[in-house]
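For what it's worth, the numbering used here labels the leading residue of the sequence shown as 4, then goes sequentially. Below is one structure, written out as structure tokens, with a few remarks after it.
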Amino acid sequence: MSTPTTDVEEDNTTTSTAMPSQYSSYNEPVIRSPKFLTLASCSKDPCGIICMFITYSAVFYADYVVTKWIVMTTFVSLWGTFHVVLFNIIVGLLLMAHLRAVFTDPGFVTAKYHGDDDYLRGVSSSQGGIESTSYSDGLDGNHVEQQTPPTVPPHYTLCPRCNIYRPPRAHHCRICKKCIRRMDHHCPWVNNCVGEANQKYFIQFLFYVGLLSAYAIGLVLYTWVESSQQQDNEPSRWHYKLGVPPPPVDTGSVGSAPINNESHIVKQTRILHSVILMLESLLFGLFVLAILIDQFSAIFTDETIVEQHITKKHVPRGGRRGGPKRSKMDLLRDVCGTGHFTVWILPCHTRDEVVFEKRMNEVV
4 MSTPTTDVEE DNTTTSTAMP SQYSSYNEPV IRSPKFLTLA SCSKDPCGII
54 CMFITYSAVF YADYVVTKWI VMTTFVSLWG TFHVVLFNII VGLLLMAHLR
104 AVFTDPGFVT AKYHGDDDYL RGVSSSQGGI ESTSYSDGLD GNHVEQQTPP
154 TVPPHYTLCP RCNIYRPPRA HHCRICKKCI RRMDHHCPWV NNCVGEANQK
204 YFIQFLFYVG LLSAYAIGLV LYTWVESSQQ QDNEPSRWHY KLGVPPPPVD
254 TGSVGSAPIN NESHIVKQTR ILHSVILMLE SLLFGLFVLA ILIDQFSAIF
304 TDETIVEQHI TKKHVPRGGR RGGPKRSKMD LLRDVCGTGH FTVWILPCHT
354 RDEVVFEKRM NEVV
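Here's what the structure looks like:
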């Protein structure tokens with residue numbers, strides 16, 4: 004299992020690289036109403052489809068093991084019902100967040116402003132009727148020339164692959180073959196890009212996977228401790244729950260009944276499922292923990308994974324990017340919306356339905 008990659012096609016020229024918002028000087032309203040993708044418009048990437056199949060298989064297997072082989076064999080009181088209900092609530096939230104991340108438009112840039120073939124061939128502004136503007140690229144402090152038609156908002160850059168003008172912080176994904184607003188990376192586990200409109204659902208998906216993994220590990224450990232305290236010759240409670248007769252007591256006499264082989268097989272099967280679930284939970288739990296750390300680090304530095312990659316290539320070692328600092332809550336609201344923070348963990352739309360403006364920290 005590998006960490007997600009940026010999967011962004013870097014432009015060959017500095018002028019075509021979209022700048023982070025704190026280095027642009029154009030307040031652009033962004034529609035916050037979510038748009039949903041259809042099955043036909045979803046990515047057909049084979050790796051993404053396989054990863055989605057693995058995700059759902061792992062989740063449903065964990066639900067089956069916890070319900071059938073962990074809870075029903077250990078808990079005989081209302082605690083069993085409580086754990087089954089709570090575990091399945093988390094599973095439901097996980098699936099909702101995942102489907103939202105998969106089918107929400109991550110922020111595809113629409114073809115509102117097209118570049119022409121003359122521009123792509125490098126025709127001068129006098130020939131193509133294109134104005135030239137100067138701005139700081141925000142990476143190394145140098146000023147670069149950007150030829151922009153008068154109708155295009157300032158500091159939009161032309162994507163040489165889409166042939167459309169894109170706003171700051173938009174980048175081209177080689178898998179989706181589109182430019183995405185505030186693109187973070189392309190994630191095969193959701194078979195979609197993680198961008199401005201669905202990053203919240205992606206983080207929720209990671210959170211619920213980690214929570215479900217920790218819950219499953221706790222239940223397995225409790226079951227192992229509980230089983231170790233039972234006497235070998237004592238009829239176990241879980242035999243009755245599974246509908247398997249308990250093994251007869253061996254009195255040591257010549258005519259004593261043999262040990263029930265069926266109950267022995269059931270016990271070994273239970274142990275096997277518990278071990279597999281433990282390994283699965285550890286693997287996915289540690290994986291999503293690492294990705295969550297990367298996500299929050301990117302949010303709090305106001306720099307996506309793609310922008311971090313660009314910064315490493317263009318900013319000299321020890322160099323810093325300017326701009327006033329913003330609070331962590333403000334940065335989280337950019338991703339999770341302006342609703343109350345208690346609803347940020349719910350896979351529902353909490354952003355403003357109208358618009359919000361990109362914040363400008365440096366006027367050039």
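Cβ coordinates follow ideal geometry from the N, Cα and C atoms, glycine included.
In the DSSP assignment, the residues bridged to Asn195 are Cys190. DSSP, read as helix, strand or coil, puts Thr41 in coil.
Nearest Cα to Asp108 within the set Glu199, Val309 and Leu285: Glu199. With at least 16 other beta carbons inside 10 angstroms of its own, Val197 counts as buried. Ile348 carries a coil assignment under DSSP once its states are collapsed to helix, strand and coil. In summary, Ala100 is buried, with 16 or more beta-carbon neighbours lying within 10 Å of its beta-carbon over all protein chains present. Judged by DSSP in its simplified three-state form, Arg184 adopts coil rather than helix or strand. Straight through space, the alpha carbons of Leu89 and Cys182 are spaced by roughly 40 Å.
Tyr168 sits in a strand when the DSSP states are folded into three classes. Phe111 carries a strand assignment under DSSP once its states are collapsed to helix, strand and coil. A distance below 8 Å between beta-carbons, with the five flanking residues on each side excluded, links Asp66 to the following residues of its chain, in chain order: Phe90, Asn91 and Val94. DSSP lists Tyr168 as the bridge partner or partners of Leu161. By the 16-neighbour rule on beta-carbons within 10 angstroms, Cys190 is buried. Separation of the CB atoms of Ile296 and Val338 is rounded to 15 Å, and the pair is thereby denied contact status at 8 Å. Across the structure, Gly83 and Asp333 are spaced so that their CA atoms are roughly 41 Å apart. Rounded to the nearest whole angstrom, the C-alpha separation of Met281 and Leu289 is 12 Å. Between Ile220 and Ser284, the CB-CB gap stays under 8 Å. Taken through DSSP and simplified to helix, strand or coil, Pro156 comes out as coil. Contact between Asn194 and Gly51 holds, since their C-beta atoms are separated by about 3 Å, short of 8 Å.
In this structure, Ile308 sits away from His174, with a CB-CB distance that is not shorter than 8 Å. Per DSSP, the unbroken alpha helix (DSSP H) holding Ile220 starts and ends at Gln202 to Ser231. For Glu306, the secondary structure class from DSSP, reduced to helix, strand or coil, is coil. Between Arg169 and Thr160, the gap from beta carbon to beta carbon is short of 8 Å. Apart from sequence neighbours up to five positions away, the residues of its chain that approach His276 with a beta-carbon distance below 7 Å are Val68 and Trp72, ordered along the chain.
In the DSSP annotation of this structure, the continuous segment of the alpha helix (DSSP H) that includes Ser60 starts and ends at Pro49 to Tyr67. Our two residues, Ser330 and Val223, have alpha carbons roughly 40 Å apart in a direct line. The C-alpha of Gly110 lies about 40 Å from the C-alpha of Phe85.
In this structure, the alpha-carbon of Thr314 lies about 15 Å from that of Arg185. Rounded to whole angstroms, the separation of the alpha carbons of Ser230 and Phe39 is 48 Å.
In terms of Cβ geometry, Leu97 and Val212 form a close pair [threshold 8 Å]. Boundaries of the alpha helix (DSSP H) around Val88: Leu81 to Phe106. Nearest to Lys328 by C-alpha distance, out of Gly340, Glu306 and Glu310, is Glu306.
In this chain, the alpha helix (DSSP H) harbouring Val338 covers Lys331 to Cys339. Ala293 and Phe210 have their C-alpha atoms spaced approximately 11 Å apart.
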